[in-house]
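Read in order, the letters of the sequence shown correspond to residues 156 to 384 in this note's numbering.
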Amino acid sequence: MDQLVDLMTRDYGTGVLPMPYILLGLLLALAGGLVLAWVYMFTHSGLSYSRSFVGSLSVIPMLVSLVMMVMVDSIITAFGLMAVFAIVRFRNILRDTLDTAFILCVIVIGMAAGTQKYTLAVVTVVASTSMMLFIWWTDFGVRHRYDYILNFRWSEPLNELSRATDVLYRHGRYVQCASQRLAAEKGTDLSYRLLLRDPSRGEDLVRELERTEGVSRVVSLKAEDEAEV
Numbered sequence: 156m157d158q159l160v161d162l163m164t165r166d167y168g169t170g171v172l173p174m175p176y177i178l179l180g181l182l183l184a185l186a187g188g189l190v191l192a193w194v195y196m197f198t199h200s201g202l203s204y205s206r207s208f209v210g211s212l213s214v215i216p217m218l219v220s221l222v223m224m225v226m227v228d229s230i231i232t233a234f235g236l237m238a239v240f241a242i243v244r245f246r247n248i249l250r251d252t253l254d255t256a257f258i259l260c261v262i263v264i265g266m267a268a269g270t271q272k273y274t275l276a277v278v279t280v281v282a283s284t285s286m287m288l289f290i291w292w293t294d295f296g297v298r299h300r301y302d303y304i305l306n307f308r309w310s311e312p313l314n315e316l317s318r319a320t321d322v323l324y325r326h327g328r329y330v331q332c333a334s335q336r337l338a339a340e341k342g343t344d345l346s347y348r349l350l351l352r353d354p355s356r357g358e359d360l361v362r363e364l365e366r367t368e369g370v371s372r373v374v375s376l377k378a379e380d381e382a383e384v
């Protein structure tokens, strides 16, 4: 019985690591992975969401932590693990580059927990989740400087286009002509980007533009509906 207790409370490898430290490292790695997974679920946008990827974010820190515990104070073991990973190749294409950042975060958490750098593991969790939430909350990196995209056909001469643009300038603080091309039929197809004075009055703008003489085929698109990869 004493031998069984001794077996469960000690590690007979080159680097002796008490069982409480092993459990603490694994629990900390699991907690950090779950926090990152929840942040990913909460902030993810787009079409590349994968449930298995979220599960991987929870499991990877524990696995990395165990790997670091196995390699502790043993260069021979480290080279052995490198040989194993060279034989077993993992291939997975990440569709979103931000997913790579989450993977790197959970790996760092696992490495810190596995090497008993618990403070660093906690700091990594707090810092990485704070940064991910900041990027999501502030829409950091978004280049939209307009609220609406308006496409319509102008069937009158272009020197009379001011009847339509006057409507756009009444509602828009910023108006930019994105494209202008001759239609196959009589008229000109125009596309405008607008930063509205009052974003809640986008439908009023569309209705007023539709009532303008010479304007037809009005199509509106909110900037938030335009995918930005």
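Just so you know, even glycine gets a beta-carbon here, dropped at the ideal spot from N, CA and C.
Keep in mind the model is a prediction, meaning the values are calculated, not measured.
Between the options, which lies nearest to residue i when the distance is taken from Cα to Cα?
{"i": "S355", "options": "R318, E311, R336, D302", "result": "D302"}
{"i": "K341", "options": "L191, L212, V222, W309", "result": "W309"}
{"i": "F289", "options": "V194, A276, L179", "result": "V194"}
{"i": "K272", "options": "P173, G369, L183", "result": "L183"}
{"i": "V222", "options": "G180, G188, L189", "result": "G180"}
{"i": "F257", "options": "M287, M226, N306", "result": "M287"}
{"i": "K377", "options": "L350, L259, S371", "result": "L350"}
{"i": "A282", "options": "V227, V190, D254", "result": "V190"}
{"i": "S220", "options": "L345, Y204, P312, G187", "result": "G187"}
{"i": "A276", "options": "S213, V263, T284", "result": "V263"}
{"i": "A192", "options": "L259, T274, L178", "result": "L259"}
{"i": "R352", "options": "Y204, T252, E311, R328", "result": "R328"}
Beta strand (DSSP E) containing residue i: first to last residue?
{"i": "F307", "result": "303–309"}
{"i": "R206", "result": "Note, R206: premise wrong, no beta strand (DSSP E); alpha helix (DSSP H) at 206–225."}
{"i": "L178", "result": "That residue, L178, is in no beta strand (DSSP E); its alpha helix (DSSP H) goes 174–198."}
{"i": "G327", "result": "327–337"}
Can you give me the Cβ contacts of residue i inside the same chain, cut-off strictly under 6 Å, excluding the 5 residues immediately before and after it?
{"i": "L360", "result": "H326"}
{"i": "I215", "result": "V261"}
{"i": "S213", "result": "G188, L189, A192"}
{"i": "E365", "result": "V373"}
Using a Cβ-Cβ cut-off of 7 Å (strictly less than) and excluding sequence neighbours within five positions of residue i, which residues of its own chain qualify?
{"i": "P175", "result": "none"}
{"i": "M196", "result": "V209"}
{"i": "E368", "result": "R318"}
{"i": "L249", "result": "T255"}
{"i": "T198", "result": "M287, L288, W291"}
Grab the span of the alpha helix (DSSP H) containing residue i for me, first residue to last.
{"i": "T343", "result": "No alpha helix (DSSP H) holds T343; the beta strand (DSSP E) holding it covers 343–351."}
{"i": "R366", "result": "R366 -> no alpha helix (DSSP H), and no H or E assigned at all."}
{"i": "G269", "result": "252–269"}
{"i": "F289", "result": "273–293"}
Beta-carbon within less than 8 Å of residue i's beta-carbon, same chain only, minus the 5 sequence neighbours each way: which residues are those?
{"i": "R362", "result": "none"}
{"i": "M217", "result": "L181, A184, L185, G188, G265"}
Assuming residue i contacts residue j under a Cβ cut-off of 8 Å, what Cβ separation, rounded to an integer in Å, is found between them?
{"i": "V373", "j": "L316", "result": "About 14 Å; that fails the 8 Å criterion."}
{"i": "S371", "j": "G357", "result": "19 Å between Cβ atoms; not a contact."}
{"i": "L172", "j": "M226", "result": "Between M226 and L172 the Cβ distance is about 11 Å, and since that is not below 8 Å, they are no contact."}
{"i": "W347", "j": "V330", "result": "The sequence shown places Tyr at residue 347, rather than the Trp named in the question. Their Cβ separation, rounded to whole angstroms, is 6 Å, which keeps Y347 and V330 in contact under 8 Å."}
So, does the stretch 204–220 touch the stretch 280–294, judging by three or more C-beta pairs under 8 Å? Between the stretch 204–220 and the stretch 280–294, the count of Cβ pairs shorter than 8 Å is below three; the stretches do not touch.
Do the stretch 260–278 and the stretch 322–338 touch if we need at least three Cβ pairs shorter than 8 Å? The stretch 260–278, when compared against the stretch 322–338, does not touch it at the 8 Å Cβ threshold.
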